[in-house]
Amino acid sequence: MGTGAKYIPAAMVGKTIFSHISGFWDGSDISPLYHTIIWKIRTPRALLAIMTGVCLASSGAVFQGCFKNPLVEPYILGTSSGAAFGAALGIMFPSFFMSVQMLAFAFAFLAVGLAYTMARTRGETPLVNLILSGIITGSIFTALVGIVKYLARDEALREIVFWLMGGFYYAGWTDVSLMLPVALVGFLILWSHGWKLNILSMGDKEARALGIDPEKNKFILISLSTLMTAAAVSSVGIIPWVGLMIPHAARLIFGPDHRVVLPASALLGALYLLICDTIARTLTQTEIPVGIITSLIGAPYLFFLVRTRGQRM
178 MGTGAKYIPA AMVGKTIFSH ISGFWDGSDI SPLYHTIIWK IRTPRALLAI
228 MTGVCLASSG AVFQGCFKNP LVEPYILGTS SGAAFGAALG IMFPSFFMSV
278 QMLAFAFAFL AVGLAYTMAR TRGETPLVNL ILSGIITGSI FTALVGIVKY
328 LARDEALREI VFWLMGGFYY AGWTDVSLML PVALVGFLIL WSHGWKLNIL
378 SMGDKEARAL GIDPEKNKFI LISLSTLMTA AAVSSVGIIP WVGLMIPHAA
428 RLIFGPDHRV VLPASALLGA LYLLICDTIA RTLTQTEIPV GIITSLIGAP
478 YLFFLVRTRG QRM
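All residue numbers for the sequence shown refer to the working numbering, where the first residue is 178 and numbers rise by one.
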């Protein structure tokens, strides 16, 4: 947190954070400028990056386990496109909508709900149907975002495009307080279902033979993962590749057991976004959206994965 446009020594960073957490010291010898930068800007930003990484990476591990497909990510059901449309509406019509974040969250869930509704046939939700429905839903909301961008005035258009690139520029303690319970409780519940994910990854027939209802458990896991993804996207915009790349890395390092993959994905996702955010803040004089950094790293990673482990995928 000492790295950025204004370098702050590590000792001063530690003093500032300790003065707020401990309550035993008022930090009166800390520069007001350092205090503002560390506690009001960089600390909530770092925490939001950590929680976003946890949400996206652990959700990606769940989606890949439920769909038995290593190329699936949390955005496959239209979550990001729905959130983008909600955010675009909120930005374009601020007088009608009080909160861009809440509107993005609501439309993210609406998109997934539509995908589930379209995919459900004869009381069941085949995974192939769900993926196709997610692609359809995502395309619809992407088109709607395009319409909003076409109609938006210059100032609103710039803000919409900036939001779509994803980043932690507006991170504050309010965002942290809203995100923390979703990230923490959601991850703990997903982790507690890690053994079920192992069974679901074997196939529906095997799951039923072992007393696991695949339809019910997949719905619960996907719904919770969608909640976490929607919370992340509505707070920071669209940050690609985390939910696809990080679970892969966790499996390559720790093996296929989801009881290990889930916490490993959460940890790696948190570290990855912290690093990407640091790069975004320090690479140039002006801040680069984090979504651009994750894309620049994620695309070569997928190429490497296909070339070196294509047969195993």
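Beta carbons: idealized from backbone N, C-alpha and C, even for Gly.
Going by DSSP, residue 449 is part of the alpha helix (DSSP H) stretching over 435-459.
By the neighbour-count definition (other C-beta atoms within 10 Å, threshold 16), residue 256 is a buried residue. Taking C-beta separations shorter than 6 Å and ignoring five residues to either side along the sequence, the partners of residue 310 in its chain run 292, 295, 296, following chain order. Within the segment 196-271, the complete alpha helix (DSSP H) segments at least 4 residues long are 209-212, 220-244, 256-269, listed from N- to C-terminus. For residue 301, DSSP records a beta bridge to 298. Its chain contains 414, 466, 468, 469 as the residues whose beta carbon lies nearer than 7 Å to that of residue 342, once the 5 sequence neighbours on both sides are disregarded; these appear in chain order. Three or more beta-carbon pairs separated by less than 8 Å link the segment 315-327 to the segment 244-260, which places the two stretches in contact. Ranking 271, 312, 365, 445 by CA distance to the CA of residue 251 puts 312 first. The alpha-carbon of residue 231 is positioned some 6 Å away from that of residue 447. With contacts defined by Cβ atoms closer than 9 Å, residue 411 and residue 226 do not form a contacting pair. Within the same chain, and ignoring the five residues on either side of residue 244 in sequence, the residues whose Cβ sits closer than 6 Å to its Cβ are 304. Looking from the CA of residue 238, the closest CA among 308, 436, 458 belongs to 436. Ranked by Cα distance from residue 441, the options 275, 371, 333 are led by 371.
Under the three-state reduction of DSSP output, residue 425 falls in the helix class.
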